[in-house]
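Presented below is the structure to which this report refers.
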Amino acid sequence: MGCSKDMYISLLDRLVYVTHAEPYDREAYVSVIEEICKTYNLAKGDTEFYLTPMMEQKGIGENFCDFDNGKGTKVILRIRIVSQSKAVIITTIYGEEGEPERSEAELAELDTMVRIITGFATRRRLIRMMQEFGFTDLDGYLNFRAFSRYIDVENSENRLGGKIAFHIDLHNFTMVNQEVGRANGDIVLKKYYTMIKDAIGDKGIIIRLGGDKFIGIFDRSVKRKVYDIFSGTAVPYGDSDDGKIVISAAAGIYMLPNPFLLKSPGDIMDKIMIAGDTAKRQASESIVVYDDRMKSEKAHVKKVQSEFRNALENEEFAVFYQPKVDIESRTIVGSEALCRWIKDGIIIPPIEFIPILEMNTDICKLDFYMLEHVCQTIRQRLDEGKSVVRVSVNFSRKHLVDIDLLDKIISVIDKYEVPHEYIEIELTETTTDVLFRDLRRVVCGLQEQGIWTAVDDFGVGYSSLNLIREIPWNVLKVDKGFVPKPDEDENSVANIMFRHVIALAHDMGMKCVIEGVESIDQLDILKKSNCYIAQGYFFDRPLPLEEYEERLDRKVYPEITE
Ligand code: C2E
Ligand code: MG
Ligand code: MG
Numbered sequence: 002m003g004c005s006k007d008m009y010i011s012l013l014d015r016l017v018y019v020t021h022a023e024p025y026d027r028e029a030y031v032s033v034i035e036e037i038c039k040t041y042n043l044a045k046g047d048t049e050f051y052l053t054p055m056m057e058q059k060g061i062g063e064n065f066c067d068f069d070n071g072k073g074t075k076v077i078l079r080i081r082i083v084s085q086s087k088a089v090i091i092t093t094i095y096g097e098e099g100e101p102e103r104s105e106a107e108l109a110e111l112d113t114m115v116r117i118i119t120g121f122a123t124r125r126r127l128i129r130m131m132q133e134f135g136f137t138d139l140d141g142y143l144n145f146r147a148f149s150r151y152i153d154v155e156n157s158e159n160r161l162g163g164k165i166a167f168h169i170d171l172h173n174f175t176m177v178n179q180e181v182g183r184a185n186g187d188i189v190l191k192k193y194y195t196m197i198k199d200a201i202g203d204k205g206i207i208i209r210l211g212g213d214k215f216i217g218i219f220d221r222s223v224k225r226k227v228y229d230i231f232s233g234t235a236v237p238y239g240d241s242d243d244g245k246i247v248i249s250a251a252a253g254i255y256m257l258p259n260p261f262l263l264k265s266p267g268d269i270m271d272k273i274m275i276a277g278d279t280a281k282r283q284a285s286e287s288i289v290v291y292d293d294r295m296k297s298e299k300a301h302v303k304k305v306q307s308e309f310r311n312a313l314e315n316e317e318f319a320v321f322y323q324p325k326v327d328i329e330s331r332t333i334v335g336s337e338a339l340c341r342w343i344k345d346g347i348i349i350p351p352i353e354f355i356p357i358l359e360m361n362t363d364i365c366k367l368d369f370y371m372l373e374h375v376c377q378t379i380r381q382r383l384d385e386g387k388s389v390v391r392v393s394v395n396f397s398r399k400h401l402v403d404i405d406l407l408d409k410i411i412s413v414i415d416k417y418e419v420p421h422e423y424i425e426i427e428l429t430e431t432t433t434d435v436l437f438r439d440l441r442r443v444v445c446g447l448q449e450q451g452i453w454t455a456v457d458d459f460g461v462g463y464s465s466l467n468l469i470r471e472i473p474w475n476v477l478k479v480d481k482g483f484v485p486k487p488d489e490d491e492n493s494v495a496n497i498m499f500r501h502v503i504a505l506a507h508d509m510g511m512k513c514v515i516e517g518v519e520s521i522d523q524l525d526i527l528k529k530s531n532c533y534i535a536q537g538y539f540f541d542r543p544l545p546l547e548e549y550e551e552r553l554d555r556k557v558y559p560e561i562t563e
């Protein structure tokens with residue numbers, strides 16, 4: 002047993018070399034270990050790794066074995082190292098039962114070699130752990146560093162061309178958490194991620210940016226599979242198959258040209274984020290592919306957001322009024338306040354700024370600004386003894402979560418001592434149950450104060466009859482898209498639906514206003530359906546204050562017969 006001094010020095014030499022060589026050569030390492038074991042007649046050598054001493058006590062760790070002939074039962078040497086980070090590494094070497102005692106000199110040689118091996122195992126394991134921690138987040142998802150590294154490697158190998166990069170943001174994940182509970186929500190999130198990861202396979206990557214947002218890149222060959230998961234897939238959250246929830250995502254896509262060479266790290270990120278933003282804003286189309294026009298759109302968004310505060314202070318927003326007309330008497334029975342941004346003498350329509358202001362709570366400031374100006378005008382007309390009609394002001398859904406909303410509205414109206422019945426608040430339908438409850442709370446509160454409420458754009462999207470059955474609105478504003486076409490058959494579905502919705506609203510004590518009435522034919526349809534109030538270009542476009550006041554003073558619209 003044992004070996005000559007020269008042999009020991011040579012083995013030691015090689016051991017030091019293989020445990021320090023970069024890159025690590027596993028084959029060379031194992032061959033040295035085997036030779037040491039044979040030379041010293043060892044039966045087995047293994048290394049245990051524990052993250053902390055506590056985990057060592059509990060036996061929670063990993064075990065690596067580099068040599069084992071199956072006969073190792075007698076412990077010859079056991080070396081335990083605790084690293085600075087408090088990880089515990091134990092290397093044990095074994096001989097066979099009944100073997101003769103080893104000499105002091107031999108044990109000293111083995112001790113030196115085992116210490117080198119243990120130190121090496123410690124270093125390697127800690128580096129691997131650092132990499133694992135570096136590239137995953139605390140929940141075990143790959144993180145942004147993993148994405149950057151992947152892109153870097155693929156780029157250097159020229160393998161990015163033609164691939165598809167994406168940013169996804171899950172739809173309504175807050176609601177999912179509410180529905181299945183937070184713990185199950187976490188399970189659903191991980192499963193959805195794993196589904197995408199499996200679909201992507203080894204020619205791409207998906208990582209979590211945080212929350213319910215992920216980014217990644219995949220090969221065109223798996224596009225269909227991955228898109229299907231983005232569009233909506235049932236994800237189980239319990240052990241049984243019963244508990245499933247459909248998860249879908251708003252996806253921003255960037256199709257990398259082929260060939261593609263990454264110049265700056267932002268090349269891919271910027272594009273998928275921009276497309277992702279657009280996807281998130283669109284209600285219907287959930288997968289949006291980046292094109293260069295979106296970049297200017299993003300610049301427009303930034304511009305509006307940065308100019309808004311000043312514009313509001315400078316009173317650049319003007320209230321335009323569109324009359325609501327009783328079609329029998331042709332008198333103005335109310336009007337809607339619609340916002341216009343007058344910038345450098347140009348009138349900017351709401352479509353260009355309202356959706357942007359709705360991305361944050363800026364819209365709420367604008368709505369109160371409108372209410373304030375409307376109240377001012379009504380007060381002035383009342384003071385001058387002029388006729389006044391009820392004015393409706395649009396309030397964004399963004400207000401609904403504000404529990405002080407009601408008090409704030411009342412305080413503005415009362416500041417100008419405007420009788421409550423002259424103000425109507427227009428709100429649109431909501432998409433979630435939570436918002437539905439908020440909507441009912443707000444509408445009921447306004448009613449108690451004698452302030453009118455209108456449900457705007459009824460018939461756009463998926464209007465639910467619950468909306469009018471469960472919430473006591475004063476007014477149903479029917480969108481022009483819901484009005485039957487003039488050449489439509491009396492008994493067409495559109496005609497029947499229209500007549501019934503109007504009848505239902507009337508039976509429930511609501512007034513009906515039809516928006517977007519442009520022609521005399523449409524007016525006839527309204528008359529036939531017993532609907533009496535119209536708002537639209539047929540009578541007037543939204544008018545600046547002065548012109549609107551002229552209409553109010555004139556009172557009646559002249560008869561037009563063509
Ligand atoms: P809305 O509340 O449904 O307002 C009716 C829209 O229909 C107005 O567009 C009006 O000009 C348009 N319209 C009226 N009659 C006709 C017609 O005969 N034919 C056609 N094609 N259109 C007609 P506008 O003023 O461009 O406003 C668009 C939307 O912007 C409004 O839709 C409302 O949702 C929003 N909005 C406008 N002002 C405000 C505001 O102060 N606050 C909030 N939150 N939203 C506002
Ligand atoms: Mg409206
Ligand atoms: Mg409307």
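Just so you know, our numbering puts 419 at position 418 of the sequence shown, and the rest follows in order with no gaps.
Virtual Cβ for every residue (Gly too), placed ideally from N, Cα, C.
Would residue i pass as a contact of residue j if the rule is Cβ separation under 8 Å?
i: GLU516; j: ASP480; result: yes
i: ASP541; j: GLN323; result: yes
i: ALA166; j: ILE269; result: yes
i: TYR291; j: VAL236; result: no
i: GLY253; j: HIS168; result: yes
i: THR279; j: MET295; result: yes
i: MET114; j: ILE206; result: no
i: ASN185; j: TYR228; result: no
i: ARG209; j: TYR558; result: no
i: ILE343; j: LEU372; result: no
i: VAL514; j: VAL476; result: yes
i: LEU111; j: ILE94; result: yes
i: ASN259; j: GLY162; result: yes
i: ALA535; j: VAL326; result: yes
i: ASP170; j: LYS281; result: yes
i: ILE90; j: ALA122; result: yes
i: ALA455; j: LYS478; result: yes
i: THR20; j: ILE80; result: no
i: GLU353; j: ILE246; result: no
i: ALA250; j: SER287; result: yes
i: ILE414; j: VAL394; result: no
Tell me whether residue i sits in a helix, a strand or coil according to DSSP, three-state version.
i: MET295; result: helix
i: TYR18; result: helix
i: ALA506; result: helix
i: SER336; result: strand
i: GLU1; result: Residue 1 is absent from the model: the chain starts at 2 and stops at 563.
i: THR362; result: coil
i: ALA44; result: coil
i: ARG555; result: helix
i: VAL402; result: coil
i: LEU544; result: strand
i: ARG391; result: strand
i: LYS478; result: strand
i: PRO351; result: helix
I want to see whether chain D comes within less than 8 Å of residue i, judged by CB atoms only; does it?
i: PRO350; result: Reference to chain D is not applicable here, since this structure consists of a single protein chain.
Taking the C-alpha atoms as reference points, what is the distance between residue i and residue j?
i: GLU491; j: PHE499; result: 11 Å
i: PRO266; j: ARG124; result: 31 Å
i: ARG225; j: TYR142; result: 24 Å
i: LEU546; j: ARG341; result: 12 Å
i: GLY217; j: VAL189; result: 19 Å
i: VAL419; j: VAL289; result: 47 Å
i: PHE215; j: THR195; result: 12 Å
i: ASP403; j: ILE128; result: 50 Å
i: ILE379; j: PRO351; result: 23 Å
i: LYS59; j: THR92; result: 18 Å
i: PRO54; j: ARG441; result: 58 Å
i: LEU358; j: ARG310; result: 11 Å
i: GLU471; j: ASP525; result: 31 Å
i: HIS507; j: ASN496; result: 17 Å
i: VAL302; j: GLN283; result: 15 Å
i: GLY120; j: ALA22; result: 14 Å
i: ASN64; j: GLU49; result: 4 Å
Would you mind giving the Cβ-Cβ distance between residue i and residue j, rounded to the nearest angstrom? I have them listed as a contact below 8 Å.
i: ILE426; j: ILE452; result: 6 Å
i: PHE321; j: PRO543; result: 4 Å
Contained beta strand (DSSP E) runs [length at least 3] in the segment 171-255, N- to C-terminal order:
206-211, 214-219, 234-237 and 245-248
Runs of 4 residues minimum, wholly inside the segment 47-104: which ones carry the alpha helix (DSSP H) assignment?
54-59
Ordered list of alpha helix (DSSP H) runs contained in the segment 96-157, each at least 4 residues
105-136 and 145-157
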